[in-house]
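Okay, so here's the structure we're looking at.
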Amino acid sequence: MFKQAQQMTITRRLSALLLFFLCVLGNQCALAQDTDSDFLILDNVEYLISHSNTPPADSQTWQKLPLPLGTLLADEDESNRIIWMRFELNQPSNNELHSLYFYRYNLSLEVFFNGEKIGGDSYQKNRQTVAWNRPKLIDIQNSNWLPENNIVHVRFITSYYGGTFAPIIFGNHNDLEPLYQDRLFRQIRVNEWLQVTGIIVTLLAFTLWLARRKDMIYLFFAGMTASWTLLTTHMVIYHNPIDYQYWLSLIHLSIDIWVLLLFSFLTRLTNISSPRAEKAIRYWAAVAIVWNLLGSLEYWWVGVYAIHLIGNFFIAYILARIVTQALRHRDKLAIAISLTVLLQLGFFAHDLLMIFLTNSDNWQSANYYSHLAFPLMLAVFIASLLNRFTSALTLAESLNKDLEAKVEKSRQIIEKSYAEKRQLELTQAAEKERLSIYRDLHDDVGSKLLSIVHADRDSKLGELAKAALESLRHAVSRANSPKQKLSIFLSQLSEEAGLRLEGSGHQLDWAQPEHLPDITLPSETVFNLNQVFRELVSNIIRHADANTVKIELCTLDNQWFFEVQDNGRGMSSETKIGNGLNHIDHRMKELGGHTEWIYNTGSGVKVRLHLASF
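According to the numbering used here, the stretch in the sequence shown is residues 86 to 699, in order.
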């Protein structure tokens, strides 16, 4: 009962989506047909076959040409022609911006106005511009107009298979812009979204097949969506790396491959067995491949669409089988599949009639719909595959329950083993660090002490002793600086500073926020800050001639800094800074912070230690 209710819910949602989709299409078609009577529709021009890159001379033989131009060439000598068209425009009576609107042409064009290029398609090296599905709105600037005899030349580049060129619309830019944007949205933007959707679904389906390679239905679904994605790519591609002669064959072949995979997918999804039909559609697909690759140009178009038509008979056959099964078993999901497949067949019939029977009055409102029905089919198929996948997961879950006790027991054993291993690793790491410290003491301090033994008793002896003592302190201090809680670190830091300053006759004023973040400082931060404060305190004791020292931890705009100030004699900015203070700057940079010195001669020194973060 639950499964039937779930399928009914899915079917209702898909039916609502289908109704919404059809309403949107109807609304967009109405928009496409809304042309203003003030527009000038240019359906008669003069033409000349010429490969010139600039407008041909008027003295050449120009001939009359009614638009639209729609040719399916049957002679390879006429392939890839460049057709020059020309017509005259009268200067508008107002100064508003006017434009030429080209809403359908194949493959590309350039527009010249009074001999000057004013727009057209862009080109890239080693790529072929394919603008068959892209509208073009080209503005004519007011400065380009002449009082009379304003001539427009259009350099129209056709394809290997011929060319199509719709009537040109001339009018006010503000009136033509909505028509251009609407067609651009319907023909390019929508297909770009569909292309991205197809890529995502293809990758997901292929991933499912990799997880369940024995279930070929996922592979058929991935191949089917990949073929459809290639078709949507054809709707949006502009600079094509493949020659149109081979690209168009690839696109029509992808349609036939899509039909083959759709047939195979549906038979497996609905568990319908039809060996003879499957054998026949394989032969049909082989014929499609051979014709697309080797068919003669003279009959190529007829052959291609005849093959497409036969392919749709196969889909109609499997559709009839699915409908019979749906009615017999009252399968709601099968009914949803039937509706979307029927819609696909209807859209194909529309496109076929549009290609062969559309007259010039319908060119502007004509749109391809075959590729738009497939997203609804995708929704139904995905619902079926998710239901199939969910059933497999439910079965797997029931099997997993029998293994939970063993898994839990194994987990406890693994955790115990991991804890023991971790403890051993920590012990070994500590031992390794101790050995490293001993080696440093032996190599560094030992060598310097040895130098003291053999040195003369002069000033060098004291310097070497100091260096040895400093190295010893550095090594031991680093080893004894583990990571610490911030509160504990501050407590120890204030205690050490207080003992040193008060022991030397100074009064310490320590301040810090009442509420500190509960964080742990890394050992490197603890070590470097300890060294910085020891150097600052030592410097105050030795050189500041002060009696009061204030140390404060401050925070401002989520930034932390220490502020250390004495009331000693101070120093000027020109005072030469010794190695100790330079070491302070170096250590703060190691922590990602910086030091700010504030000099006040006669009133002490203030230093701010800015921290990047704790």
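In this text, a Cβ means the ideal position worked out from N, Cα and C, and glycines have one as well.
The structure presented is a predicted model; accordingly, all values stated were derived computationally and were not measured.
Assigned exposure category for residue i - 16 Cβ within 10 Å defines buried
i, result
"Pro220", "buried"
"Val281", "exposed"
"Asp341", "buried"
"Gln644", "exposed"
"Met301", "exposed"
"Arg298", "exposed"
"Gln577", "exposed"
"Trp278", "exposed"
"Val727", "No answer is possible for residue 727: it lies beyond the span of the chain, which begins at 86 and ends at 699."
"Val617", "buried"
"Val215", "buried"
"Gln213", "buried"
"Ser339", "buried"
"Leu478", "exposed"
"Phe398", "exposed"
Cβ shell of residue i (< 6 Å), same chain only, five flanking positions each side left out
i, result
"Ile242", "Ile167, Leu192 and Ser193"
"Glu681", "Arg693"
"Pro151", "Asn129"
"Ala311", "Thr287"
"Tyr503", "none"
"Ile636", "Trp595 and Val649"
"Glu505", "none"
"Asn685", "Gly655"
Same chain, Cβ closer than 8 Å to residue i, five either side skipped, listed in chain order
i, result
"Asn227", "Asn180 and Leu182"
"Gly202", "Looking at the sequence provided, one finds Lys at residue 202 rather than Gly. Here the set comprises Glu195 and Val196."
"Gly205", "Ser193, Leu194, Glu195, Val196, Lys221, Ile223 and Arg240"
"His136", "Ile167"
"Gln145", "Leu133 and Ser135"
"Asp123", "Gly256, Asn257 and Asp260"
"Ile327", "Gln213 and Leu335"
DSSP three-state assignment for residue i, whether helix, strand or coil
i, result
"Glu681", "strand"
"Ala629", "helix"
"Ser495", "helix"
"Gln644", "strand"
"Asn175", "coil"
"Arg240", "strand"
"Gln410", "helix"
"Ser579", "helix"
"Asp260", "helix"
"His319", "helix"
"Thr479", "helix"
"Gly689", "coil"
"Thr301", "The sequence as given places Met at residue 301; Thr does not occur at that position. Coil, per DSSP."
"Thr214", "strand"
"His435", "helix"
"Ser698", "coil"
"Ala251", "coil"
"Lys568", "coil"
"Asp670", "helix"
"Met656", "coil"
"Ala168", "The sequence given here places Ile at residue 168; Ala does not occur at that position. Ile168: strand per DSSP, three-state reduction."
"Asp267", "helix"
"Gly588", "helix"
"Ala142", "coil"
"Asn129", "strand"
Sequence-distant residues of the same chain with beta carbon closer than 7 Å to residue i, five excluded per side
i, result
"Ala700", "Past the edges of the chain, shown from 86 to 699, lies residue 700, and the structure says nothing about it."
"Leu606", "Lys568, Gln569, Leu571, Phe574 and Phe699"
"Ser469", "Leu354 and Leu418"
"His337", "Asn377 and Val389"
"Pro177", "His183"
Rounded distance between the beta-carbons of residue j and residue i, thought under 8 Å
i, j, result
"His258", "Ser164", "In fact, because the Cβ distance is near 36 Å, the residues do not count as touching under 8 Å."
"Phe250", "Leu154", "4 Å"
"Ser358", "Phe305", "That pair is no contact at about 15 Å."
"Leu430", "Ala401", "6 Å"
"Leu351", "Ile407", "7 Å"
"Gly396", "Leu346", "The Cβ separation is near 11 Å, so there is no contact."
"Thr633", "Leu676", "In fact, because the Cβ distance is near 28 Å, the residues do not count as touching under 8 Å."
"Gly200", "Pro140", "6 Å"
"Phe172", "Val237", "6 Å"
"Phe647", "Leu641", "That belief does not hold up - the Cβ atoms of Phe647 and Leu641 are roughly 12 Å apart, past 8 Å."
"Tyr190", "Leu333", "Actually they are not in contact, since the Cβ atoms of Tyr190 and Leu333 sit about 16 Å apart, beyond 8 Å."
"Phe432", "Leu457", "7 Å"
"Glu599", "Ile669", "About 28 Å separates the two Cβ atoms, so there is no contact after all."
Below-7 Å beta-carbon distance, residue i vs any chain C residue
i, result
"Leu575", "Looking for chain C here will not work: only one protein chain is present."
Task: alpha helix (DSSP H) runs contained entirely in the region 332 to 395, provided each spans 4 or more residues - done: 360 to 379
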